[in-house]
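Chemist: Reading the sequence shown from the start, the letters are residues 440 to 847 in this note's numbering. There's a structure below that I have some questions on.
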Amino acid sequence: MKRVLVVAQFTQLPGEKGNNRSRFKLICEMLAKEGYKVTVVTSKFRELDRTFRTVKGEFNSAPYSIVLLDEFGYYKNISFRRVYSMWSFTRSLKNYLDRTNDDFDLIYACVPGLDSALVAGKYAQKKSIPFVIDVQDVWPEVMYDLILDIPVISKILFSPLQYMANRVYSLADGIIAVSKTYLEIAKRKNEKSLINKYIYIGTDLNLLTGKSETYSTNVFEKQVDEFWIAYIGSLGHSYDIYTFIEGAKIANDKGINVRPIIIGSGPLENEFKAYANKIGSNALFTGWVDQPTMWYYLKSSDAVINAIIKKSPASITNKVGDYLSSGRRMLNGSLNKELLELLNKYNFGLNFEPENPISLSEAIEKIYSMNIQQREQMGRNARKLAENMFDRKKTYTQIIDSIKELLY
């Protein structure tokens with residue numbers, strides 16, 4: 440029986456609250472179903488809600504082994520404490536690998552974190568076993584503009600991190616990425632990888648079938664004359680929520696009864712709420728909700744919005760798969776080439792200029808004034824794309840097949 444080690448510092452485990460679509464949880468389940476002996480190594484610290492895990496019964500009933508490693512923990516995404524915390528996890532991972540008696544046949548590692556992936560890659564090289572990376576985000580590219588926006592100086596200061604990223608990419612025998620954009624970045628530093636695929640994070644399309652009556656909170660009912668536009672995800676620095684709130688308010692002032700539905704939480708949640716109150720917005724902030732509740736709001740909405748600031752290097756984010764699966768028209772503020780090409784090919788929404796509330800208000804007017812045939816066609820186009828490229832129960836089989844190819 441082949442043994443696979445999955446290194447995923449940020450993942451959801453069985454029985455934990457979350458979005459129930461964790462990429463690595465599903466990969467582990469699929470590998471176990473195929474007969475592989477799987478061990479997932481993750482942190483005792485849960486990044487989603489900044490809490491520490493304790494061993495639960497659900498962990499023991501999982502079809503794979505779970506190893507929880509020590510990590511210091513942190514409260515803010517951008518902080519020295521987080522740097523130290525990630526280093527502490529890497530140290531724990533190195534100690535685990537030095538002491539383990541398990542003979543693994545392949546290592547599958549989440550990227551980032553870079554330092555933990557580098558430790559895993561060096562271990563795989565030492566043991567002469569295949570090393571596969573799954574690129575979830577690109578560090579330090581994401582940090583250049585969001586943390587320190589000083590041309591040239593930013594790249595110099597982050598050069599050690601860039602060196603680490605390039606080293607991780609170069610060690611990989613197989614590269615999986617959550618977008619074509621990220622795959623191309625990783626491939627530039629790798630001349631030996633036998634597997635190079637991009638598999639979108641996706642979602643479980645079956646969850647949208649039927650009506651769920653189980654919600655985490657009391658849901659807000661939509662009024663007959665309201666035009667709902669939904670945003671789901673983090674309320675953080677990369678997301679253009681100010682533009683969403685103001686653009687919707689401008690459209691409202693023109694006579695369109697738009698209501699922004701903002702689903703999620705994050706470090707700027709209070710600031711966004713204060714801004715909405717300041718300008719007299721009717722935005723609804725739901726906070727964190729479970730998946731059935733999220734689907735309720737998506738299916739109740741008339742459109743969805745991909746609100747991302749100009750400088751963000753984000754490509755095909757988690758929310759894109761959920762948006763497309765809902766079959767709702769998308770207002771897109773992302774400048775990512777890959778997403779723009781998909782939108783142009785499938786015609787599932789309209790673009791607007793990020794950080795420009797007037798541009799968004801004009802796009803809202805256009806999408807609001809569409810006739811029933813246009814609305815339904817865009818919705819069908821979105822759902823078709825979801826079925827083709829974002830149904831993870833189908834697309835993730837490509838990941839499993841890639842692992843098999845490297846094992847045999």
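A virtual CB, placed ideally from N, CA and C, is assigned to each residue, including glycine.
What residue range does the alpha helix (DSSP H) around residue 821 cover?
Modeler: The residue given as residue 821 occupies position 382 in the sequence shown. 811-828 is the extent of the alpha helix (DSSP H) around residue 821.
Chemist: DSSP beta-bridge partners for residue 485?
Modeler: The residue given as residue 485 occupies position 46 in the sequence shown. The partner list for residue 485 (beta bridge, DSSP) reads 490.
Chemist: Shortest alpha-carbon distance to residue 456 belongs to which of 481, 472, 659 and 488?
Modeler: Locating residue 456 in the sequence shown gives position 17, where the first residue counts as 1. Nearest C-alpha to residue 456: 488.
Chemist: Which complete beta strand (DSSP E) runs does the segment 520-546 hold, if anything under 3 residues is left out?
Modeler: Fully enclosed beta strand (DSSP E) runs of 3 or longer: not present.
Chemist: By Cβ distance, which residues of its chain are closer than 6 angstroms to residue 792, with the 5 residues on each side in sequence left out?
Modeler: Within the sequence shown, residue 792 is the residue found at index 353, counting from 1. Excluding positions up to five away in sequence, the list reads 798.
Chemist: Quick one: what's got a C-beta closer than 7 angstroms to residue 649's C-beta in the same chain, skipping five residues either side?
Modeler: Locating residue 649 in the sequence shown gives position 210, where the first residue counts as 1. Any reading at residue 649 must be qualified, since the residue scores a pLDDT of 47, below 50, and its modelled position is unreliable; no value is offered.
Chemist: Just the Cα atoms here: how many angstroms apart are residue 603 and residue 553?
Modeler: On the sequence shown, position 164 is the one that residue 603 refers to. On the sequence shown, position 114 is the one that residue 553 refers to. Whole-angstrom Cα-Cα distance: 7 angstroms.
Chemist: From which residue to which residue does the beta strand (DSSP E) around residue 776 run?
Modeler: Looking up residue 776 in the sequence shown gives position 337. It is not in any beta strand (DSSP E) - residue 776 instead sits in the alpha helix (DSSP H) that spans 776-785.
Chemist: Helix, strand or coil: how does DSSP classify residue 578 here?
Modeler: Sequence index remark: in the sequence shown, residue 578 carries index 139 (1-based). Three-state result, residue 578: coil.
Chemist: Taking residue 521 as the reference, which of 527, 528 and 513 has the closest Cα?
Modeler: The sequence position of residue 521 within the sequence shown is 82, counting from 1. Nearest option by C-alpha distance: 513.
Chemist: Name, in chain order, the residues that DSSP records as bridge partners for residue 570.
Modeler: On the sequence shown, position 131 is the one that residue 570 refers to. Its beta-bridge partners are 546.
Chemist: Assuming residue 679 contacts residue 772 (C-beta within less than 8 angstroms), just tell me the rounded distance between them.
Modeler: As a first step, residue 679 must be located in the sequence shown, where it is residue number 240. As a first step, residue 772 must be located in the sequence shown, where it is residue number 333. Their Cβ separation, rounded to whole angstroms, is 6 angstroms, which keeps residue 679 and residue 772 in contact under 8 angstroms.
Chemist: For residue 491, tell me which candidate among 507, 763 and 477 has the shortest Cα-Cα distance.
Modeler: As a working mapping, residue 491 is identified with position 52 in the sequence shown. It is 507 whose Cα lies nearest to the Cα of residue 491.
Chemist: What ranges does the alpha helix (DSSP H) occupy inside the segment 667-715, keeping only unbroken runs of at least 4 residues that lie completely in it?
Modeler: With a minimum length of 4 residues, the continuous alpha helix (DSSP H) runs that stay inside the segment 667-715 are 680-692.
Chemist: Which of the three DSSP states is assigned to residue 636 in this structure?
Modeler: One-based indexing of the sequence shown puts residue 636 at position 197. Three-state result, residue 636: strand.
Chemist: Compute the beta-carbon to beta-carbon distance between residue 633 and residue 613, rounded to the nearest angstrom, for a pair I have assumed lies under 8 angstroms.
Modeler: Residue 633 sits at position 194 when you count from the first residue of the sequence shown. Residue 613 sits at position 174 when you count from the first residue of the sequence shown. Their Cβ separation, rounded to whole angstroms, is 6 angstroms, which keeps residue 633 and residue 613 in contact under 8 angstroms.
Chemist: Among the residues of its own chain, which have a CB less than 7 angstroms from the CB of residue 677, if the five just before and after it don't count?
Modeler: On the sequence shown, residue 677 is found 238 positions in, with the first residue counted as 1. So the list reads 585, 747, 748, 751 and 753, once near-sequence residues are dropped.
Chemist: Is it buried or exposed, residue 683, if we count other Cβ atoms within 10 angstroms and call 16 or more buried?
Modeler: Within the sequence shown, numbered from 1, the residue matching residue 683 stands at position 244. Burial call: buried.
Chemist: Rounded to a whole number of angstroms, what is the C-alpha to C-alpha distance between residue 480 and residue 713?
Modeler: Sequence index remark: in the sequence shown, residue 480 carries index 41 (1-based). Sequence index remark: in the sequence shown, residue 713 carries index 274 (1-based). Their Cα atoms are separated by approximately 40 angstroms.
Chemist: Between the C-alpha atoms of residue 675 and residue 711, what's the straight-line distance to the nearest angstrom?
Modeler: Translated into the one-based positions of the sequence shown, residue 675 becomes position 236. Translated into the one-based positions of the sequence shown, residue 711 becomes position 272. Approximately 10 angstroms, taken between the alpha carbons.
Chemist: Taking the beta carbon of residue 733 as the centre, do at least 16 other beta carbons fall within 10 Å, making it buried, or is it exposed?
Modeler: Here the question's residue 733 lines up with position 294 in the sequence shown. It is buried - the Cβ of residue 733 has at least 16 other Cβ atoms within 10 Å.
Chemist: What are the boundary residues of the beta strand (DSSP E) that residue 663 is part of?
Modeler: If you number the sequence shown from 1, residue 663 lands on position 224. Neither: residue 663 is in no beta strand (DSSP E) and is coded neither H nor E.
Chemist: Specify the secondary structure class of residue 649 as computed by DSSP and reduced to three states.
Modeler: Translated into positions along the sequence shown, residue 649 becomes position 210. In this prediction, residue 649 scores a pLDDT of 47, lower than 50, which makes its location untrustworthy; the coordinate-derived value is nonetheless stated afterwards. If DSSP states are grouped into helix, strand and coil, residue 649 belongs with coil.
Chemist: Determine the DSSP secondary structure at residue 465, reduced to helix, strand or coil.
Modeler: In the sequence shown, the residue the question calls residue 465 occupies position 26. Here residue 465 sits in helix by DSSP.
Chemist: DSSP three-state label for residue 737, please.
Modeler: In the sequence shown, residue 737 corresponds to position 298, counting from 1. Looking at residue 737 - three-state DSSP - the assignment turns out to be helix.
Chemist: Does the segment 663-674 come into contact with the segment 690-701, if we say contact requires no fewer than three beta-carbon pairs (one atom in each stretch) closer than 8 angstroms?
Modeler: Touching, per the Cβ criterion.
Chemist: Name the DSSP bridge partner or partners of residue 446?
Modeler: As a working mapping, residue 446 is identified with position 7 in the sequence shown. Note: residue 446 sits in a beta bridge opposite 480 and 548.
Chemist: For residue 779 and residue 745, what's the separation of their Cα atoms in angstroms?
Modeler: One-based indexing of the sequence shown puts residue 779 at position 340. One-based indexing of the sequence shown puts residue 745 at position 306. The alpha-carbon atoms of residue 779 and residue 745 are separated by roughly 12 angstroms.
Chemist: How far does the alpha helix (DSSP H) with residue 806 in it extend, from its first residue to its last?
Modeler: Here residue 806 corresponds to residue number 367 of the sequence shown, with the count starting at 1. Residues 796-807.
Chemist: Reducing DSSP to helix, strand and coil, say where residue 605 ends up.
Modeler: The residue you call residue 605 lines up with position 166 of the sequence shown. Looking at residue 605 - three-state DSSP - the assignment turns out to be helix.
Chemist: Mapping the DSSP letters down to three states, classify residue 598 as helix, strand or coil.
Modeler: Taking the sequence shown and counting its residues from 1, the one referred to as residue 598 is at position 159. It is helical.
Chemist: Among 447, 466 and 478, which has the Cα closest to the Cα of residue 440?
Modeler: As a first step, residue 440 is located in the sequence shown; it is residue number 1 there, counting from the start. When each option's Cα is compared against that of residue 440, the closest is 478.
Chemist: Between 617, 511 and 449, which has its C-alpha nearest residue 838's C-alpha?
Modeler: One-based indexing of the sequence shown puts residue 838 at position 399. Cα-wise, what sits closest to residue 838 is 617.
Chemist: Can you grab the Cα-Cα spacing for the pair residue 615 / residue 755, in whole Å?
Modeler: Within the sequence shown, numbered from 1, the residue matching residue 615 stands at position 176. Within the sequence shown, numbered from 1, the residue matching residue 755 stands at position 316. When rounded, the distance between both Cα atoms is 14 angstroms.
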